[in-house]
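Reviewing the structure listed below.
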Amino acid sequence: MRQIVLITFPTGKIFIAEGDSETPCCYSRSGLDLESLNDEFAHLPEDDRKEYIIRQQILWQSEHCSYTEFLTKKREFVRHYEADNPSVGYNYPSEVEHSQVQRTLQSILQQAQSTQEQSTQGTNDITNEVPGVVLTSSPVLIDVIRGGLTGTWLSKLLRVANLKPVLAAALGIESSGDLAALSEVKALSQAQSEAILDAVVVYMRAVEVWESAEAASNWFNAEVSALAGQSPMAIMDTFEGRKWVREVLEKIETGTFS
Numbered sequence: 001m002r003q004i005v006l007i008t009f010p011t012g013k014i015f016i017a018e019g020d021s022e023t024p025c026c027y028s029r030s031g032l033d034l035e036s037l038n039d040e041f042a043h044l045p046e047d048d049r050k051e052y053i054i055r056q057q058i059l060w061q062s063e064h065c066s067y068t069e070f071l072t073k074k075r076e077f078v079r080h081y082e083a084d085n086p087s088v089g090y091n092y093p094s095e096v097e098h099s100q101v102q103r104t105l106q107s108i109l110q111q112a113q114s115t116q117e118q119s120t121q122g123t124n125d126i127t128n129e130v131p132g133v134v135l136t137s138s139p140v141l142i143d144v145i146r147g148g149l150t151g152t153w154l155s156k157l158l159r160v161a162n163l164k165p166v167l168a169a170a171l172g173i174e175s176s177g178d179l180a181a182l183s184e185v186k187a188l189s190q191a192q193s194e195a196i197l198d199a200v201v202v203y204m205r206a207v208e209v210w211e212s213a214e215a216a217s218n219w220f221n222a223e224v225s226a227l228a229g230q231s232p233m234a235i236m237d238t239f240e241g242r243k244w245v246r247e248v249l250e251k252i253e254t255g256t257f258s
């Protein structure tokens, strides 16, 4: 049984939490979870604990709901409560997390301020530090892929939260040691470079759609009916698979599910 729970605190803060019968711990978008909260106040009398959390109100629950539909439903509740309770001070850290992830990736991509003009001169110097124009300019993207991404750039990507398993899946690598070894390579192959850049694009889109790196990571590992019951992670090792994942993300954002 999946549930969406509204938790109200004496401070006036409210949190939209989630949980199900198999996972009693309800994760809050604030970073708090009910299990940890109960542990923290375990020394208090039962009545005092009830007073600390003013109300736990089940907003919605369903026995038959996919993870994708569940997260979409929760996002709707979040938006409604933000609109209806502007003075409540609802803490929405996923927005902060989302912007941090995007800034980290953009920072990596923009370390070299190479322009498209430099790439068209036939030099592969831009592969030392992939420029920000890589993901927005097809000519530059093609040039970078042909020249091969550097292991240094890959090592920086591996430090981005939740991105490592996505890159490993895209490269068809199961061992973390093998993935780390690639970061020591001077220049990756064309196929590896294309898979990595494509995976980064898909990952950034997932974080944008789900508004959270953790929610995106959960979705990557969940069975998705729109992907014929497969998890996105299971088909990230092929171009067609990554294309399919992107198409489903677009449908999720627009609310049109297949």
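For the sequence shown, full-length UniProt numbering begins at 1 and goes up steadily by one.
Glycine included, C-beta positions come from ideal geometry on N, C-alpha and C.
From a predicted model like this one, the values you see are computed outputs, not experimental measurements.
Rounded straight-line distance, which links the Cα of residue j to that of residue i
i	j	result
A187	K73	44 Å
I142	S189	13 Å
E194	K156	17 Å
residue 292	Y203	Nothing can be reported for residue 292: it is not among the residues displayed for the chain, which extend from 1 to 258.
L149	A226	32 Å
G151	A168	14 Å
A222	Q230	8 Å
N162	E211	14 Å
A191	I145	8 Å
A215	V185	32 Å
S182	L154	In the sequence as presented, Ser is not what sits at residue 182; that position holds Leu. Answer to the nearest angstrom: the Cα atoms are 8 Å apart.
A180	E253	34 Å
N218	G147	33 Å
F220	M233	5 Å
V207	A170	17 Å
E76	V166	27 Å
S176	E250	30 Å
Coil, strand or helix - residue i by DSSP
i	result
V224	strand
S175	coil
Option in the options with minimal Cα separation from residue i
i	options	result
V160	A213, I252 and D237	A213
M236	V201, E253, E184 and A215	V201
R242	L154, G177, W153 and G172	G172
A228	V248, S176, D198 and E174	V248
L197	K164, F220, A234 and K251	K164
F239	E208, A199 and E174	A199
Beta carbon proximity, residue i to chain E, threshold 9 Å
i	result
A187	Looking for chain E here will not work: only one protein chain is present.
Limits of the alpha helix (DSSP H) - the one that residue i falls within
i	result
I235	Taken as a continuous stretch (DSSP letters only), I235 belongs to no alpha helix (DSSP H), as it is neither H nor E.
K186	It is not in any alpha helix (DSSP H) - K186 carries neither H nor E in the DSSP assignment.
T150	T150 -> no alpha helix (DSSP H), and no H or E assigned at all.
V166	K164 to L171
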